[in-house]
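Data first, discussion second: the structure below is written as structure tokens.
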């Protein structure tokens with residue numbers, strides 16, 4: 001009698017458990033845990049339970065058990081075995097994009113937490129155009145390193161569109177670009193914040209007759225060899241527009257891609273150049289005269305941030321320092337550019 005009662009009780013327990021599982025599968029909402037999603041992602045990546053277990057630092061039986069639980073809760077298998085390897089099912093392939101985004105976000109959160117812990121170490125990666133790298137980032141970096149010597153700073157100097165690509169693809173923390181923000185018809189992607197604004201200026205050799213003028217126009221520059229940028233570059237587009245407004249056809253004698261090269265050529269007497277005034281922030285005025293240029297063409301240095309990813313703590317600190325530098329340097333821009 002007692003034995004029968006125990007058996008009967010055991011049967012009831014099994015039956016109750018069976019009913020509970022069936023009810024959960026049909027009516028209750030059962031969600032995958034983060035650990036289960038991690039296992040699905042790892043098995044999909046490596047194609048085997050053993051390799052996934054090794055990557056996750058758990059046992060193979062634990063991975064197999066988690067996969068069975070996932071299939072039970074979802075109501076479909078996540079993998080099928082083919083030729084000795086586990087192959088993701090169609091359902092798994094559909095959710096892998098979301099899984100990757102989830103774990104990429106988790107990794108970013110962990111990096112932020114690491115950065116915030118004590119800021120005993122960290123790094124800031126910046127992409128910008130050469131003019132800004134030399135004349136805005138350089139003084140910022142010097143002062144920043146005095147306050148945060150443990151944070152490494154990496155600067156990649158390139159063109160506007162490459163800066164945008166680096167920020168959009170999150171290869172860097174942020175970028176700094178010059179307006180206008182397009183090149184070859186491509187628009188810059190990201191969140192923009194103005195750092196400082198000035199106007200294009202003309203630089204000529206000190207002994208050039210133009211050096212005596214308070215203002216020069218495209219018409220004044222016609223008799224002289226013009227050192228300038230292609231219209232597909234930001235500064236080139238601005239200069240091209242100024243010539244269009246003035247009704248003068250721009251004829252480039254010496255084509256350049258860098259403001260530093262345009263400045264050096266003008267100083268050597270090779271011609272006259274229209275440049276952004278940010279290059280003159282460090283006090284370069286030996287051998288050249290800086291003249292106000294009309295029509296006025298504003299050019300901005302702008303901070304470019306990723307659309308969706310928050311800045312790390314070190315990057316936030318550097319941006320704050322960068323904004324302070326930009327405010328301090330506004331008064332250092334050539335007086336002619338602010339008239």
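In the UniProt record's numbering, the protein residues as written are 1 to 339.
Glycine residues also receive a C-beta, built at the ideal position from the N, C-alpha and C atoms.
*State the beta-bridge partners of residue 228 as determined by DSSP.*
In the chain shown, residue 228 corresponds to position 228, counting from 1. Answer is 255.
*asked:* Give me, in chain order, the residues of the same chain whose beta-carbon lies closer than 7 Å to that of residue 393; leave out the 5 immediate sequence neighbours on both sides.
replied: Residue 393 falls outside the range modelled here, since the chain spans only 1 to 339, and no answer is possible.
_Neighbour-count burial assignment, residue 175, 16 or more Cβ in a 10 Å radius_ = Taking the first residue of the chain shown as 1, we reach residue 175 at position 175. By the 10 Å Cβ count, residue 175 comes out buried.
*Coil, strand or helix - residue 70 by DSSP*: Here the question's residue 70 lines up with position 70 in the chain shown. In the structure shown, residue 70 sits in a helix (DSSP, three-state: H, G or I).
*asked:* Please return the same chain residues whose Cβ sits closer than 7 Å to the Cβ of residue 170, not counting the five positions on each side in sequence.
replied: What you label residue 170 is simply residue 170 of the chain shown in a count that begins at 1. 306, 309.
*Option nearest residue 312 by Cα separation, candidates 114, 177, 237, 270*: Mapped onto the chain shown, residue 312 falls at position 312. Among 114, 177, 237, 270, the Cα nearest to that of residue 312 is on 114.
_Closest residue to residue 215 among 289, 162, 178, 196 (Cα-Cα distance)_ = Counting from 1 along the chain shown, the entry for residue 215 is found at position 215. Distance from the Cα of residue 215 is smallest, within the candidate group 289, 162, 178, 196, for 289.
*Helix, strand or coil for residue 290 per DSSP?*
Against the chain shown, residue 290 aligns to sequence position 290. It is a strand residue.
_Burial state of residue 38, where buried means 16 or more other Cβ atoms lie within 10 Å_ = For the purposes of this step, residue 38 is taken as the residue at position 38 of the chain shown. Around the beta carbon of residue 38, 16 or more other beta carbons lie within 10 angstroms, which makes this residue buried.
*Do you know how far the Cα of residue 122 is from the Cα of residue 220?*
One-based indexing of the chain shown puts residue 220 at position 220. One-based indexing of the chain shown puts residue 122 at position 122. Each residue's alpha carbon lies about 52 Å from the other.
*asked:* Could you tell me the alpha carbon to alpha carbon distance between residue 224 and residue 247, rounded to whole angstroms?
replied: By one-based count along the chain shown, residue 224 stands at place 224. By one-based count along the chain shown, residue 247 stands at place 247. Roughly 17 Å between the two C-alpha positions.
*Taking DSSP as the reference, what is the three-state secondary structure of residue 245?*
Residue 245 sits at position 245 when you count from the first residue of the chain shown. In the structure shown, residue 245 sits in a helix (DSSP, three-state: H, G or I).
*If we ignore side chains and look at the alpha-carbon of each, how far apart do residue 102 and residue 95 end up?*
Numbered from its first residue, the chain shown carries residue 102 at position 102. Numbered from its first residue, the chain shown carries residue 95 at position 95. Going by the C-alpha atoms only, they are around 11 Å apart.
*CB of residue 295 within 8 Å of CB of residue 228, strictly*: For the purposes of this step, residue 295 is identified with residue 295 of the chain shown, where counting begins at 1. For the purposes of this step, residue 228 is identified with residue 228 of the chain shown, where counting begins at 1. Their beta carbons are not under 8 Å apart, which means residue 295 does not touch residue 228 by this criterion.
*To which residues does DSSP link residue 273 through a beta bridge?*
The sequence position of residue 273 within the chain shown is 273, counting from 1. Answer is 203, 227.
*What do you reckon, are the CB atoms on residue 177 and residue 163 nearer than 8 Å?*
Here residue 177 refers to the residue found at position 177 when the chain shown is read from its first residue. Here residue 163 refers to the residue found at position 163 when the chain shown is read from its first residue. The answer is yes: Cβ separation under 8 Å.
*Comparing alpha-carbon positions, which option in 297, 40, 45 lies nearest residue 202?*
Here residue 202 is taken as the residue at index 202 of the chain shown, counted from 1. When 297, 40, 45 are compared, the shortest CA-CA separation from residue 202 is found for 297.
*Do you know how far the Cα of residue 82 is from the Cα of residue 48?*
Residue numbering aside, residue 48 sits at position 48 when the chain shown is read from its first letter. Residue numbering aside, residue 82 sits at position 82 when the chain shown is read from its first letter. Computed Cα separation, rounded: 11 Å.
*Put residue 129 into one of helix, strand or coil per three-state DSSP.*
Here residue 129 refers to the residue found at position 129 of the chain shown. DSSP, read as helix, strand or coil, puts residue 129 in coil.
_Let me make sure I understand the geometry here. Which of 84, 249, 71 has the alpha-carbon closest to that of residue 46?_
As a first step, residue 46 must be located in the chain shown, where it is residue number 46. Measuring from the Cα of residue 46, the nearest candidate turns out to be 84.
*Is the region 260-274 close to the region 204-211, with three or more CB pairs under 8 Å?*
yes
*In DSSP terms, what residue 81 is bridged to*: On the chain shown, residue 81 is found 81 positions in, with the first residue counted as 1. According to DSSP, which records beta bridges pairwise, residue 81 is partnered with 86.
*Grouping DSSP H, G and I as helix and E and B as strand, with all else coil, what is residue 305?*
Taking the first residue of the chain shown as 1, we reach residue 305 at position 305. Residue 305 falls in the strand class under three-state DSSP.
*If you draw a straight line from the C-alpha of residue 249 to the C-alpha of residue 217, how long is it?*
Locating residue 249 in the chain shown gives position 249, counting from the first residue. Locating residue 217 in the chain shown gives position 217, counting from the first residue. Their backbone Cα atoms lie some 12 Å apart in a straight line.
*Does the separation of the CB atoms of residue 281 and residue 322 fall below 8 Å?*
Looking up residue 281 in the chain shown gives position 281. Looking up residue 322 in the chain shown gives position 322. Cβ distance not < 8 Å, so residue 281 and residue 322 don't count as in contact.
*Return the bridge partner residues of residue 192 from the DSSP annotation.*
Residue mapping note: residue 192 aligns to position 192 of the chain shown, counting from 1. The partner list for residue 192 (beta bridge, DSSP) reads 304.
*Verify whether the separation of the beta carbon atoms of residue 273 and residue 262 is less than 8 Å.*
Looking up residue 273 in the chain shown gives position 273. Looking up residue 262 in the chain shown gives position 262. Yes, the Cβ-Cβ distance between residue 273 and residue 262 is below 8 Å.
*C-alpha gap between residue 100 and residue 136, whole angstroms*: Locating residue 100 in the chain shown gives position 100, counting from the first residue. Locating residue 136 in the chain shown gives position 136, counting from the first residue. Cα to Cα, the separation comes out at about 37 Å.
_Taking the straight line between their C-alpha atoms, what separation do you get for residue 275 and residue 141?_
Within the chain shown, residue 275 is the residue found at index 275, counting from 1. Within the chain shown, residue 141 is the residue found at index 141, counting from 1. About 24 Å.
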